[in-house]
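Structure first, commentary second.
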Amino acid sequence: MKFASTALGALGASVLLSSAGALDLDVESPDSIKEVASVVAAGMREWYTGDRPGDVPGNLPAPYYWWECGAMFNALIDYWYYTGDDQYNEITTQAMQHQVGEKIVAFMPENQTKTLGNDDQAFWGMAAMSAAENKLPDVKEGPSWLSLAQAVFNTQVARWSSTCDGGLNWQIFRINNGFTYKNTISNGCFFNIAARLYKYTGNTTYADWADKAWQWQLDTKLFEIKDGGYHFYDGADEKDNCQKVEPIQWTYNIGVHLAGAAAMWNASDISKNGTRKERWAKELDLLIKGLDIFFPDGVMKEVACEDIGTCNNDQRSFKAYLARWMGYAMLVAPELTFDELMKRLKASAPMAAKTCNKSTDSQANCDLKWNPKGNPDGKIGPGENMAVLEVVQNLLVKNAPGPATEAVGGISKSNPDAGGGTMDAPVTFNPVTTAGRAGAGILTALVLGATLGGAYWMVS
Ligand SMILES: *[C@@H]1O[C@H](CO)[C@@H](O)[C@H](O)[C@H]1NC(C)=O
Ligand SMILES: *[C@@H]1O[C@H](CO)[C@@H](O)[C@H](O)[C@H]1NC(C)=O
Ligand SMILES: *[C@@H]1O[C@H](CO)[C@@H](O)[C@H](O)[C@H]1NC(C)=O
Ligand SMILES: *[C@@H]1O[C@H](CO)[C@@H](O)[C@H](O)[C@H]1NC(C)=O
Ligand SMILES: *[C@@H]1O[C@H](CO)[C@@H](O)[C@H](O)[C@H]1NC(C)=O
């Protein structure tokens, strides 16, 4: 007995040891995909403490910002949708309902006003949109998921600016640092939400705003056709009438537009407006061609900062969103996107999984650098895990029915007028916490511009 149990103990230890180290992913096996997604999601969840007694639901501990927590719950909503594992649904619902805000119910909580950007708000709004699309049940007491996405849309429409002939400013409140910057991610998130609301509800008001946000960015040269595909830049400042575009390219900017364009294509009815349908098919083609820059050697890379080692905590999560929105595009526009996008995910996901080490049998921590030529970065965090989780779980799109709509399967309650009310601007802003915000925006752009210098070719 004694001997046997010692032997068993030794066996147990060696199993544990051999399970430490890189995760192997078989991209053709749904079981393997789910297993890897499960341990990576569990590792990500370890960073979150908001459900503990006395802690605040919907915040990640410092130094991670509020918006990233919303982005993380979006990843978990999709995790449940793709894998069927609902173990995180409760903390997701709790966090999202806690952060809807007080005076205006549109993800504008008072605690965040000193640094609240349109992009920050929108990351929570897009999580609510995913909840509606994936049919996460609405809560009994509290706003519906769909109405929260509508509320974010309505509050942002009201902020459509007159400088530079339109667009959204980065910050919501004028007093906040970076207000004059008009960043691509804020405008891209607005486009994404408008397009998905159009697909979900069929209401053409949303489509008109999606068109407008797209066109304004194109006119402002926040994106343009280069080498046969769209290249998306970081933003421009109203102080010089948006004449000088910051040329840094991030994965999430092309991603947020890719999903929105796919929704526009899906929702356009050729018998009602053939021009609209054809137009979005062409845009999707240009978007897919623009992806190449982020897949050197076939594996997804945050080219602006990975090799030079300057990716900040925000940027360490950006690849998650490109993967997420590639998945969305494949779900709603498969005939135009599936082959091209799945090919890229299949090449990236095993490399991404290989960078993850198991910390326990059921949890792993992952690295930022997936490319075999890049040495591990050696840092771990929720963003690194989120990126691997998304690039892995989106391999499951083929088995998913795709986003619900009001007409087909949707269960979330609509409120087209959501998001009313007024709220005071902060009296003072906090220059320290404003500096590293979600959109990366002008501050990182300037820092990177200086660092990269002659290496602009790489990203522009
Ligand atoms: C705002 O901060 C207070 C104090 O930490 C906390 O009790 C409250 O739950 C926070 N509100 C939100 C919406 O996070
Ligand atoms: C059809 O779509 C085009 C392109 O998006 C748009 O400019 C036009 O206003 C739409 N026409 C109608 C009748 O909605
Ligand atoms: C549009 O999206 C739905 C999922 O929301 C999907 O079932 C449908 O096949 C898509 N339409 C086309 C033409 O791909
Ligand atoms: C995984 O383990 C290797 C070897 O010890 C190490 O170099 C790497 O940084 C680890 N990665 C993570 C994400 O912990
Ligand atoms: C369509 O959306 C707009 C903008 O939110 C709203 O004002 C309008 O009432 C909606 N129309 C319908 C029929 O729901």
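Numbering (mature numbering (1 follows the signal peptide of the UniProt record, and there is no 0)), first residue to last: -22 to -1, 1 to 438. Ideal Cβ placement from N, Cα and C applies to all residues, glycine included.
Per the DSSP secondary-structure output, F201 pairs in a beta bridge with F210. The C-alpha of Y176 is placed about 16 Å away from the C-alpha of R257. Between A396 and A129, the alpha-carbon positions lie close to 5 Å from each other. The beta carbon of D345 lies closer than 8 Å to those of T333, C334, P354, D355, G356, K357, I358 and E362 in the same chain, with the five residues before and after it left out. Within the model, the alpha-carbon separation for A325 versus N219 is close to 41 Å. P360 is positioned such that its CB atom lies no closer than 9 Å to that of Y66.
The Cβ neighbour count for S16, taken over all protein chains shown within 10 Å, is at least 16; the residue is labelled buried. Per the C-alpha coordinates, the member of L3, D4 and V18 positioned closest to A342 is V18. Cβ contact annotation for L94 (same chain, cutoff 8 Å, sequence separation greater than five): M86, Q149, I150, F151 and N154, in chain order.
In the three-state DSSP reduction, V5 falls in the coil class, being neither helix nor strand. Put simply, the backbone Cα of K347 is about 43 Å away from that of G252. The C-beta separation of A73 from F51 comes to about 6 Å, placing the pair in contact by the 8 Å criterion. Bounds of any beta strand (DSSP E) do not take in Y26, whose DSSP letter is neither H nor E.
Taking every protein chain shown into account, the CB of T400 has fewer than 16 other CB atoms within 10 angstroms, so this residue is exposed. Between E68 and D116, the alpha-carbon positions lie close to 12 Å from each other. For Y57, the uninterrupted alpha helix (DSSP H) segment begins and ends at W44 to T61.
Cβ-Cβ distances below 6 Å link L54 to Y66 and T70 in the same chain, with the five nearest sequence neighbours on each side left out; the list follows chain order. In this structure, W44 is the residue among E111, W44 and T229 with its C-alpha nearest to the C-alpha of G28. Straight across, the Cα-Cα distance linking Y59 with Q221 is about 43 Å. When W228, S246, T315 and N170 are compared, the shortest CA-CA separation from K267 is found for T315.
The chain-ordered list of residues whose CB is nearer than 5 Å to some heavy atom of ligand 3 reads N244, V310, G380 and P381. Each of T182, D189, N251, T253, R254 and R257 has a C-beta closer than 7 Å to some heavy atom of ligand 2; these make up the full list, in chain order. Per DSSP, reduced to three states, the secondary structure at K297 is helical.
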